[in-house]
Every structure is written in C-alpha cells, then in structure tokens.
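Mapping of the sequence shown onto the working numbering: residues 204 to 386, in sequence order. A virtual CB, placed ideally from N, CA and C, is assigned to each residue, including glycine. Predicted model, so just to flag it, every value in this text is computed and none were measured.
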Amino acid sequence: MKATEILKEEHRVIERVLAVLEKAADLLEQGKKVPSDLFPKAVEFIRGFADRCHHGKEEGSLFPLLERQGIPRHGGPIGVMLSEHEEGRRWVALMDEAGARYRRGDEAARKDLLKGARGYSQLLRAHISKEDHVLFPMADQVMAESEQAELLARFETVELQEMGEGVHERYHHLVEELERMVA
204 MKATEILKEE HRVIERVLAV LEKAADLLEQ GKKVPSDLFP KAVEFIRGFA
254 DRCHHGKEEG SLFPLLERQG IPRHGGPIGV MLSEHEEGRR WVALMDEAGA
304 RYRRGDEAAR KDLLKGARGY SQLLRAHISK EDHVLFPMAD QVMAESEQAE
354 LLARFETVEL QEMGEGVHER YHHLVEELER MVA
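Shown next, in the form of structure tokens:
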C-alpha cells in the first residue's frame, strides 16, 4: 500500500464528518435544534483526527519529503495545502467558540455555527479534491518505492507515538456517533 492511499482513506472518513456538519447546518438554518454536544464532538474529531493525525502526517512527513524531491513549498501546491490547513483551523476555532455558546443555550450562536460549519466543509471538500487528484498523484510520481516505505513507517510512528494505539478505531466510533446525531 502506498502512503498516499492511507491519506485518501482518511479523507473518506473526514468527508463523513463534513456530511454531518452540512446536515447540522441545514437543520440549524431550518430553525431546528441539533444536539448541543454535536459541535464539540465534531471539533474533537477535526482537531484530533483530521488535523493532528492526518494533517500531521502531511505536514511532518509527506510535505518535507516532496520538498526534497523538488516540489516547492512556496508558490506551489505544498504552500497552498499548508495555507488551507491554517484556514481550516480558523473555521474550527469559530465552530468551537460558537458551539460552546450554543451548548449554553445562546441561540444567537446559530449564525456562527452555520458560518463555521459551511465554511469548513466547503474548504475541506475542495482541499481534499486537490490532494486526491493533484498532489497525491504528483507525490506518487516523484517518490521511489523506498520513499513510500519510509513514509509508511513515519505514518505508523505518528499514529503510535503521538496519537496512541487504536486511534483510528476511536475516531471511527466518534464518526458513527456524530452520524447518528443527525440521522
């Protein structure tokens, strides 16, 4: 298995949470309630799995390897991906703050939740498409088999040493819980 295939599989899990956020935003826009812990749990998933685990692998392992292969950070696809990771973190911060207000009963937080959920979802859907269809195929072309193996080993290290054993299982359960909350 290629390292980029692991990242693509993680994208599919992240997209499930984006669908939850989109459904929750639709419900809020219709004036309906969503469970008050939905957004805090979604933020937990995004910060833990999407950012720390997934983006951590990209930023700490894949992108530096691609730079060594001559793909520029500035003015190239790596710089765009890093910029979008930062933009995503800002959307998540907005959802986190608004989610806390909504949980305390502040109905005015709906507007910020809608803005954060939709902004993050739109950004990430486009971001994932760029990685799946442009950056990852580019990476597969420039990396030798030995580099793919090295990258896979680094990914395992990130998961075990930084995230702990069973990270995917924990987050998959959280995704299932989030999906049930908007079903």
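- When DSSP states are grouped into helix, strand and coil, His375 belongs to the helix group.
- A direct Cα-to-Cα measurement between Glu247 and Pro275 gives close to 32 Å.
- Proximity of the segment 368 to 376 to the segment 276 to 289 falls short of the contact definition, fewer than three beta-carbon pairs being nearer than 8 Å.
- Going by DSSP, Glu359 is part of the alpha helix (DSSP H) stretching over Glu348 to Thr360.
- Residue state for Gln272 is assigned as coil, using DSSP reduced to three classes.
- In this chain, the alpha helix (DSSP H) harbouring Lys314 covers Ala312 to Lys333.
- For Leu241, the uninterrupted alpha helix (DSSP H) run begins and ends at Leu241 to Phe248, by DSSP.
- Straight-line spacing of the CA atoms in Val345 and Gly308 works out to 52 Å.
- In this structure, the alpha-carbon of Glu300 lies about 10 Å from that of Trp294.
- Within the same chain, and ignoring the five residues on either side of Met366 in sequence, the residues whose Cβ sits closer than 6 Å to its Cβ are Cys256.
- If you check the CB distance, Gln351 and Lys205 come in under 8 Å.
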